[in-house]
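**Q** Taken in order, these protein sequences are the chains called A and B.
If you want our numbering, it's the 1-based position in the first sequence plus 225.
If you want our numbering, it's the 1-based position in the second sequence plus 25.
Don't be surprised by glycine CBs; every beta carbon is placed ideally from N, CA and C.
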Amino acid sequence: MNERVLNSWVKTKQTIKVTAPLVLGMILLISCLDLLLNSKWILALFQKNVFLDSLIGGAVGSLATGNPITSYILGGEFLQAGVSLVAVTAFILTWVTVGLVQLPAESMMLGKKYAITRNVLSFVSAIIMALIAQLILG
Amino acid sequence: MKRIKAKIDRMGASLKFLSFVVLVYLLLAIFNFDYFVISLSKFVDLFLKILPSILGAFVMIFIFNYFLDDKKIKKYLIGKADWKKYVLTVFLGILSSGPIYAWYPFLSDLKEQGFKNSLITIFLYNRAIKIPLIPVLIYYISLQFVIVITVLMIVFSVINGIIIDKIIKN
Numbered sequence: 226m227n228e229r230v231l232n233s234w235v236k237t238k239q240t241i242k243v244t245a246p247l248v249l250g251m252i253l254l255i256s257c258l259d260l261l262l263n264s265k266w267i268l269a270l271f272q273k274n275v276f277l278d279s280l281i282g283g284a285v286g287s288l289a290t291g292n293p294i295t296s297y298i299l300g301g302e303f304l305q306a307g308v309s310l311v312a313v314t315a316f317i318l319t320w321v322t323v324g325l326v327q328l329p330a331e332s333m334m335l336g337k338k339y340a341i342t343r344n345v346l347s348f349v350s351a352i353i354m355a356l357i358a359q360l361i362l363g
Numbered sequence: 026m027k028r029i030k031a032k033i034d035r036m037g038a039s040l041k042f043l044s045f046v047v048l049v050y051l052l053l054a055i056f057n058f059d060y061f062v063i064s065l066s067k068f069v070d071l072f073l074k075i076l077p078s079i080l081g082a083f084v085m086i087f088i089f090n091y092f093l094d095d096k097k098i099k100k101y102l103i104g105k106a107d108w109k110k111y112v113l114t115v116f117l118g119i120l121s122s123g124p125i126y127a128w129y130p131f132l133s134d135l136k137e138q139g140f141k142n143s144l145i146t147i148f149l150y151n152r153a154i155k156i157p158l159i160p161v162l163i164y165y166i167s168l169q170f171v172i173v174i175t176v177l178m179i180v181f182s183v184i185n186g187i188i189i190d191k192i193i194k195n
């Protein structure tokens with residue numbers, strides 16, 4: 226087999242190995258929790274005002290970590306439960322751009338000041354983008 | 026008991042997570058069988074709905090891995106930061122794959138060779154745009170949402186890169 230195809234397959238297999246159990250687990254958990262946590266519970270956390278919702282969504286997304294696909298699935302479920310678009314957008318954006326869990330590793334490899342500045346900027350940007358998305362998409 | 030503990034220790038985080046959820050389902054089957062059946066049928070329904078998107082995502086990841094490798098990225102990114110490099114970095118960030126922390130050693134290595142903080146920031150930010158996963162996001166939210174968010178992320182990645190270079194000198 227072509228070496229490039231083989232290398233690509235090895236890398237992809239590694240991604241599948243990590244992602245597949247995670248996605249499967251997430252879908253299983255969502256299916257189970259969906260019945261337990263009714264939309265009232267999720268809505269109680271959000272639906273204050275546009276700015277506060279984006280901050281809460283952003284904070285939850287910053288604390289979470291993992292494959293972006295998980296944030297898409299959760300974000301979609303939140304949206305269906307009635308959470309505002311601004312909160313879901315901030316949640317997805319901070320999930321994929323802010324990495325509090327990875328902060329120690331990022332600090333070690335790229336410098337503490339750099340890592341903190343980048344994460345703070347990413348958080349602020351996510352909130353601004355969520356507000357802009359809300360304005361555009363309504 | 027020791028053997029089970031050793032097996033658990035060897036498992037990756039995602040497998041541990043899946044095992045935990047399976048355990049929750051087993052407990053559910055024992056203590057509330059009706060709830061277990063409803064959850065399982067909801068799972069099958071949801072799984073079948075998003076399966077094509079997930080399979081499509083894996084095919085796209087394979088294609089990207091085929092066309093991109095570390096050496097190519099290094100060749101394109103070393104040098105002075107300018108608009109051309111910004112644009113190239115945006116594309117390379119979007120096309121790169123794997124977890125973010127897997128890229129730290131590579132970026133640290135580039136930084137030592139004079140790679141600008143702004144480019145590192147743009148690269149890391151655009152890694153968040155996952156083309157292979159876009160069908161999933163469209164399925165869960167909407168195409169308009171994906172377009173708006175993608176454009177905003179590209180613009181903000183460059184803004185963040187420029188701000189970072191002003192705050193932190195290489």
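#1: By Cβ distance below 8 Å, which residues in the same chain neighbour L280 (chain A) in space, the five residues on each side in sequence not counted?
#2: Starting from the Cα of S233 (chain A), find the closest Cα among B:V171, B:M178 and B:N90 and give me that residue.
#3: Taking 7 Å as the cut-off, decide whether the C-beta atoms of Q239 (chain A) and V311 (chain A) are in contact.
#4: In its own chain, which residues sit with a C-beta less than 6 Å from the C-beta of N292 (chain A), not counting the 5 before and 5 after it?
#5: Between the region 175 to 192 of chain B and the region 144 to 158 of chain B, can you find at least three pairs of beta-carbon atoms closer than 8 Å?
#6: Here's the rule I'm using: 16 or more other beta-carbon atoms within 10 Å means buried, otherwise exposed. How should M251 (chain A) be labelled?
#7: Which of helix, strand or coil does DSSP assign to V326 (chain A)?
#8: So, helix, strand or coil for Q305 (chain A), using DSSP?
#9: For a contact defined as C-beta to C-beta under 9 Å, what are the partners of G37 (chain B) on chain A?
#10: Between which two residues does the alpha helix (DSSP H) containing I193 (chain B) stretch?
#11: Residues of chain B with a CB under 7 Å from the CB of L253 (chain A): which are they?
#12: Run through chain A and tell me which residues come within less than 7 Å of K155 (chain B), C-beta to C-beta.
#13: Roughly how many whole angstroms lie between the Cα atoms of F140 (chain B) and L120 (chain B)?
#14: Of all the CB atoms in chain A, is at least one closer than 7 Å to the CB of I192 (chain B)?
#15: If contacts are defined as beta-carbon pairs under 8 Å, then A355 (chain A) and G282 (chain A) qualify, I think. What distance do you get, rounded to the angstrom?
#16: Using a C-beta cutoff of 7 Å, does V176 (chain B) count as contacting chain A?
#17: Give the straight-line distance between the Cα atoms of N134 (chain B) and A330 (chain A), rounded to the nearest whole angstrom.
#18: So, for T16 (chain B): in the same chain, excluding its five sequence neighbours on each side, which residues have a beta-carbon less than 6 Å away from its beta-carbon?
#19: Identify each residue in the region 324 to 342 of chain A for which the Cβ-Cβ distance to at least one residue of chain B is less than 7 Å, and report them in chain order.
#20: Should G324 (chain A) and L268 (chain A) be called a contact, given that it needs their Cβ atoms to be closer than 7 Å?
#21: Against chain A, does I147 (chain B) count as a neighbour if the rule is that its beta carbon must be under 7 Å from one of theirs?
#22: In chain B, what lies closer than 9 Å to A212 (chain A) by C-beta?
#23: What's the C-alpha gap between M333 (chain A) and F271 (chain A)?
#24: I need the DSSP call for R343 (chain A), collapsed to helix, strand or coil.
#25: State the Cα-Cα distance for the pair N142 (chain B) and Y297 (chain A), rounded to the nearest angstrom.
#26: So, is A38 (chain B) buried or exposed, given that buried needs 16 or more other C-beta atoms within 10 angstroms?
#27: Kindly indicate if chain A contains any beta-carbon less than 7 Å away from that of N57 (chain B).
#28: What in chain B is Cβ-close to I406 (chain A), meaning under 7 Å?
#29: Cα separation between D191 (chain B) and T295 (chain A)?
**A** Taking the definition as stated:
#1: For the purposes of this step, residue 280 (chain A) is identified with residue 55 of the first sequence, where counting begins at 1. If the five residues before and after L280 (chain A) are omitted, its C-beta is found closer than 8 Å to the C-beta atoms of A315 and I352, all from its own chain and listed in chain order.
#2: As a working mapping, residue 233 (chain A) is identified with position 8 in the first sequence. The candidate whose alpha carbon is nearest that of S233 (chain A) is B:N90.
#3: The residue given as residue 239 (chain A) occupies position 14 in the first sequence. The residue given as residue 311 (chain A) occupies position 86 in the first sequence. No, the Cβ-Cβ distance between Q239 (chain A) and V311 (chain A) is not below 7 Å.
#4: Here residue 292 (chain A) is taken as the residue at index 67 of the first sequence, counted from 1. For N292 (chain A), where only same-chain residues beyond five positions count, the Cβ hits under 6 Å are T244 and L247.
#5: Touching, yes.
#6: Looking up residue 251 (chain A) in the first sequence gives position 26. Buried.
#7: Numbered from its first residue, the first sequence carries residue 326 (chain A) at position 101. Correct three-state label for V326 (chain A): coil.
#8: Counting from 1 along the first sequence, the entry for residue 305 (chain A) is found at position 80. Three-state DSSP puts Q305 (chain A) in a helix.
#9: In the second sequence, the residue the question calls residue 37 (chain B) occupies position 12. Against chain A, the beta carbon of G37 (chain B) has neighbours under 9 Å at K242, V243 and P246, listed in chain order.
#10: On the second sequence, residue 193 (chain B) is found 168 positions in, with the first residue counted as 1. Annotation for I193 (chain B): no alpha helix (DSSP H) segment contains it, and DSSP assigns it neither H nor E.
#11: Position 28 of the first sequence, counted from the start, is the residue given in the question as residue 253 (chain A). Near L253 (chain A) (Cβ distances below 7 Å), the residues of chain B are V46, Y50 and F68.
#12: Taking the first residue of the second sequence as position 1, residue 155 (chain B) is located at position 130. Going along chain A in sequence order, the residues near K155 (chain B) (Cβ under 7 Å) are P293.
#13: Within the second sequence, residue 140 (chain B) is the residue found at index 115, counting from 1. Within the second sequence, residue 120 (chain B) is the residue found at index 95, counting from 1. So the two alpha carbons sit approximately 19 Å from each other.
#14: The sequence position of residue 192 (chain B) within the second sequence is 167, counting from 1. Closer than 7 Å to some Cβ of chain A, the Cβ of I192 (chain B) qualifies, so yes.
#15: Counting from one through the first sequence, the residue named residue 355 (chain A) turns up at place 130. Counting from one through the first sequence, the residue named residue 282 (chain A) turns up at place 57. A355 (chain A) to G282 (chain A), Cβ: 7 Å. Contact.
#16: One-based indexing of the second sequence puts residue 176 (chain B) at position 151. So no, V176 (chain B) is outside the interface.
#17: Within the second sequence, residue 134 (chain B) is the residue found at index 109, counting from 1. Within the first sequence, residue 330 (chain A) is the residue found at index 105, counting from 1. According to the sequence shown, residue 134 (chain B) is Asp rather than Asn. Looking at the two C-alpha atoms, the distance is approximately 14 Å.
#18: In the structure displayed, chain B extends from 26 to 195; residue 16 (chain B) sits before or after that span and is not available.
#19: If the cut-off is 7 Å between Cβ atoms, the region 324 to 342 of chain A has G324, Q327, A330, E331, M334, L335, K338, Y339 and T342 near chain B.
#20: Residue 324 (chain A) sits at position 99 when you count from the first residue of the first sequence. Residue 268 (chain A) sits at position 43 when you count from the first residue of the first sequence. Contact flag unset, no.
#21: Taking the second sequence and counting its residues from 1, the one referred to as residue 147 (chain B) is at position 122. Chain A places no beta carbon closer than 7 Å to that of I147 (chain B), leaving this residue out of the contacts.
#22: The displayed coordinates of chain A run from 226 to 363. Any statement about residue 212 (chain A) would go beyond what the structure contains.
#23: For the purposes of this step, residue 333 (chain A) is identified with residue 108 of the first sequence, where counting begins at 1. For the purposes of this step, residue 271 (chain A) is identified with residue 46 of the first sequence, where counting begins at 1. The alpha-carbon of M333 (chain A) is positioned some 35 Å away from that of F271 (chain A).
#24: Numbered from its first residue, the first sequence carries residue 343 (chain A) at position 118. DSSP places R343 (chain A) in the helix class (H, G or I) of the three-state scheme.
#25: Taking the second sequence and counting its residues from 1, the one referred to as residue 142 (chain B) is at position 117. Taking the first sequence and counting its residues from 1, the one referred to as residue 297 (chain A) is at position 72. Going by the C-alpha atoms only, they are around 29 Å apart.
#26: For the purposes of this step, residue 38 (chain B) is taken as residue 13 along the second sequence, with counting starting at 1. Taking a 10 Å sphere around the C-beta of A38 (chain B), we find fewer than 16 other C-beta atoms and assign the residue as exposed.
#27: Your numbering for residue 57 (chain B) matches position 32 in the second sequence. Chain A, which has no Cβ nearer than 7 Å to the Cβ of N57 (chain B), makes this no.
#28: What the structure shows of chain A is the stretch from 226 to 363, and residue 406 (chain A) is not part of that stretch, so it cannot be assessed.
#29: Translated into positions along the second sequence, residue 191 (chain B) becomes position 166. Translated into positions along the first sequence, residue 295 (chain A) becomes position 70. Before going on, a small fix: residue 191 (chain B) reads as Lys here, not Asp. Distance from the CA of K191 (chain B) to the CA of T295 (chain A), rounded to the nearest whole angstrom, comes to 34 Å.
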